[in-house]
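Here this note's numbering is used: the first residue of the sequence shown is 12, the next is one more, and so on. Don't be surprised by glycine CBs; every beta carbon is placed ideally from N, CA and C.
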Amino acid sequence: MSEAFDRAQVVILSSIDWDAAWQRHQIFAAQFAEAGHEVFFVENSGFRNPGLTDLPRLRAKLQHTVFPQETSRVNSIPPGLHVIPPRILPPTTRIFRDSNRALFVPQLAAQLRHMGMRPHPLVVCYFPTATTLELLDLLAPRAVVYDCASNFRAHPQAPADFLDLERALLRRSDVVVCDSDFLFAQKRSEHGRVVQIHQGVSEAFFEAAPPSGGFKSACYYGTWGQDLEPKLLEALTAAGLSVTVSGFTKGDPPPLPPGVTRLPPARREDLVSRLQAFDVFALPYRINPFLLGVIPAKIYECLAMGRPVIATPLPSLLPLKGLIHIAETSDEWSAVARRLPETETPELRRARIALAREHTHAAEFRRFRETARAAWESAPAVLAEPQSRERWWEGKHAQAFLQGFTWIGLLYGLAKASTLLTQMVAGRILGPQQFGKANLVVAAAAFLQIAPMLGFPLALSKFPSAEPSEERRRLLISTTLSVFALWAFLCLAAFMLGHQLLATTLRVPDETLVYAIIFAFCTAVYIVVSSPLLGLRRFAQRGIAEIVYGLSAPVIMTALFLGGLRDYRVMIAALCLSLLGAAAYAGGSLRGFLRPAFDREAFKTVMGYAAVATLNLLTAACVVAPGRLLLHRCASPHEVGVFSAYFTATAQISLALLYSLSAVIVPLASSRDGQSEAWGTLRRLGLPLLLGTSVLFILTALAALFVFGRNYPLRWEWVALFAFTAALILLHGIIGAVFSARDFAGLRVSVTGNLIGGLGNVGLGWILVPAFGIPGAAAALAGSYMLGLAYYVVLAPRED
């Protein structure tokens, strides 16, 4: 049994992040790893709703989650230890808890399993939340240790049901560990097995150089926040000491008094060399209900260095009164500092160091590990199996999909929302007539961009992920981008020479066509250059490219409006400039791939696929453009503007959502097991998706029309028709993406289904738009995509 514990995996459900000030959470985790255990350190999963002061911490967490290989850690990660930033909502409100229970907690449990966590680990919990309890249900640990190091009951932002949550965790825990006397007494009355174990001190602190002999400098190190009193540091400066605060900040910290020096955090390997330059350590904690249960993590480090410590009367520090200086008011702190030359003796220094030696990291971890071992060995022989609430997202490819869609969906969704809002505001300011002209440019560009873009984006998002080596991926991407650059230049020259013929063919003014050509090529450059990020599975960077596009568009448009422009060219110019900016970011992210190259095999692979995939662009254009062009021919730009408002509020949102979904589906459903998972999910969720998204698009239509303003009429039958059409487009597109990801035969199926939808829209629109106008254009879209779905469901061959 003892040997089994030595091989046990350990999951740390921490209440802090790995890069926070070095505390027992990281210390015990690192020591478990050093002792041969595989350790999974789950960072802070939330206790309260974050505020503006948490933005720096959240930004760092986002960086580590999005770019885990590209961002450095403040605290190095030892071998055998995995740090997991959880993608989870703070468990504070009902909707957040329900979302965590339904999706994010199961996703986290599945992520741990895919990282190698076996059933029935040892779990060490640091705070009781709904998230912690949900995760324990899914992990079914062999033993649970509740390491209670904070009096969370008195936290000012504790959830209303915190006491119930902690009682539930106490029932789940095999043993409770506390550090302070206060917490030990509190928990001993609530649990039958409570052990007091301190954090301890590293051996490195005993090797610090002795103090200089005077008492001229003082230091507080750790995290500076609202729990600390700056007036006490001011009292030390009044007593003639130079005072320094070293380390992290938290929340909205109180300002430091004049004369106090601020130093950034030091790496823990460099901490001793920094601290040995100071003569005195200060612990200026405020006395409040939350801190009653705190024993400062640094206390034994201070004692190990032998220096005098001036501290406020925290209950946990009162037993050390003979070794440290306890003072409460500013006058008392100042008086203690002035008397240090008289009160400090070599015997007192040796006594501090001797006490610290009883609480080394090794000694405290030995106690902690033996406590965990006893809980492990006393666990029942028959253990419950982990609860399975993961369902479809438990699969390997579904997990990769969720990870990709987390960032594609979050970032792309934010960007697209910004772009759509930009168009809505433009529509409100410009009015239906000018908004209709802008949408004629968009409609014509949808056809024009087919020629330069071909199927390059789909090929670049598919093939790099299947290449076995970095060099082959580099060669394939460089070849494709080189061919695209040459081809796009030739297409641009041809369009500019023949723009009058094109204007006559599309039945649009010559000026409109010129702007359409510019917009088409800006779109083509951005989409093609950013597509390799998907093939390389750099989902977050692809999402950031969308952020650059989406958030720069409203800024540029606002600047143009303020400059006095008030016609349709404002919207087109803003979109073009933002597309070029996003393309520049995507190109910068692919610096290693942007070199002229030509590989015959890569060219054949890409072009064979790209030529067929070009038909998908044609069908996409047949969704976006015919209604606008036919309404312009049969009516006027005013009707084009009204139609575009409804289309933007429903179908365009559907297309945006479809793009973010397809961006992750294509690379992940390219294998046989990925196909199996995708089709199984569609069978279960297809009809609910159609009904649910219809309701969603009704809501988006109403919200968008409110933004567009009173110049755009609200017709309930139009809202329902456009919403149902948008839901059909979304479901049709998802099925087509799964087909196209399968193989070349699947691509042909996808293209056929898309052609039915797109060309059907042209044919039905030619009949219905002249007769019924705007609702006729929406009905044409709905009818064509119902035909496309019928083909996928009834006629298309599927291999799942």
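Test item: CB-CB of residue i and residue j under 7 angstroms
i      : j      : result
PRO326 : GLU355 : no
ALA293 : TYR231 : yes
ALA789 : THR736 : yes
GLN460 : ALA535 : yes
ALA372 : SER213 : Residue identity check: residue 372 is His in the sequence provided, not Ala. Yes, they are a contact pair.
SER600 : ALA564 : no
LEU739 : TYR796 : yes
LYS227 : ASP290 : yes
THR661 : PHE717 : no
LEU469 : THR491 : no
LYS448 : PRO648 : yes
TRP729 : PRO781 : no
ILE583 : PHE530 : yes
LEU547 : ARG553 : no
GLN686 : ARG639 : no
LEU701 : LEU742 : yes
PRO97  : GLN20  : no
PHE604 : SER751 : no
GLY225 : THR248 : no
VAL156 : ALA15  : no
GLY769 : CYS633 : yes
ILE306 : PRO324 : no
Supposed close pair residue i, residue j - CB separation, criterion 8 angstroms
i      : j      : result
PHE733 : ALA714 : Between ALA714 and PHE733 the Cβ distance is about 13 angstroms, and since that is not below 8 angstroms, they are no contact.
LEU146 : LEU24  : 7 angstroms
VAL539 : MET464 : 6 angstroms
GLY304 : PHE138 : Wrong, their Cβ atoms sit about 12 angstroms apart, outside the cutoff.
HIS202 : LEU181 : 5 angstroms
ALA593 : SER541 : 7 angstroms
LEU441 : TYR579 : 6 angstroms
GLY317 : ARG363 : 5 angstroms
GLY799 : GLY764 : 5 angstroms
PRO265 : PRO295 : Not really, about 10 angstroms apart at Cβ, beyond 8 angstroms.
ALA348 : ALA277 : Going by Cβ atoms, the distance from ALA348 to ALA277 rounds to 24 angstroms, so no, they are not a contact pair.
ALA689 : VAL762 : Going by Cβ atoms, the distance from ALA689 to VAL762 rounds to 18 angstroms, so no, they are not a contact pair.
GLU280 : PHE216 : Not really, about 13 angstroms apart at Cβ, beyond 8 angstroms.
VAL188 : LEU149 : Actually they are not in contact, since the Cβ atoms of VAL188 and LEU149 sit about 23 angstroms apart, beyond 8 angstroms.
ALA219 : LEU286 : 7 angstroms
PHE195 : GLN210 : Not confirmed; about 14 angstroms, so no contact.
Collapsed DSSP secondary structure at residue i in the structure displayed
i      : result
TYR537 : helix
VAL187 : strand
SER795 : helix
ARG402 : Model confidence at ARG402 stands at a pLDDT of 46, short of 50, so the residue's coordinates are unreliable and nothing is read from them.
TRP29  : coil
ALA229 : strand
GLY202 : The sequence as given places His at residue 202; Gly does not occur at that position. The answer is coil: DSSP assigns HIS202 none of H, G, I, E or B.
HIS879 : Past the edges of the chain, shown from 12 to 811, lies residue 879, and the structure says nothing about it.
HIS48  : coil
ASP109 : helix
SER253 : strand
ALA160 : coil
ALA338 : coil
THR234 : strand
ARG278 : coil
ILE23  : strand
LEU605 : coil
PHE138 : coil
GLY258 : strand
LEU725 : coil
ARG694 : helix
ARG360 : helix
Taking contact to mean 3 or more Cβ pairs, one atom from each stretch, closer than 8 angstroms, check whether the segment 233-241 and the segment 257-266 are in contact.
yes
Could you tell me whether the segment 357-376 touches the segment 333-340, using the rule of 3 or more Cβ pairs below 8 angstroms?
yes
Counting beta carbon pairs with one atom in the segment 556-570 and one in the segment 502-514, are three or more of them shorter than 8 angstroms?
no
Meets three-Cβ-pair contact criterion under 8 angstroms: the segment 688-705 and the segment 640-655
no
Contact the segment 756-766 vs the segment 720-727: 3+ CB pairs below 8 angstroms:
no
For the segment 446-491, list the alpha helix (DSSP H) runs that are entirely contained and at least 4 residues long, ordered along the chain.
461-464 and 467-473
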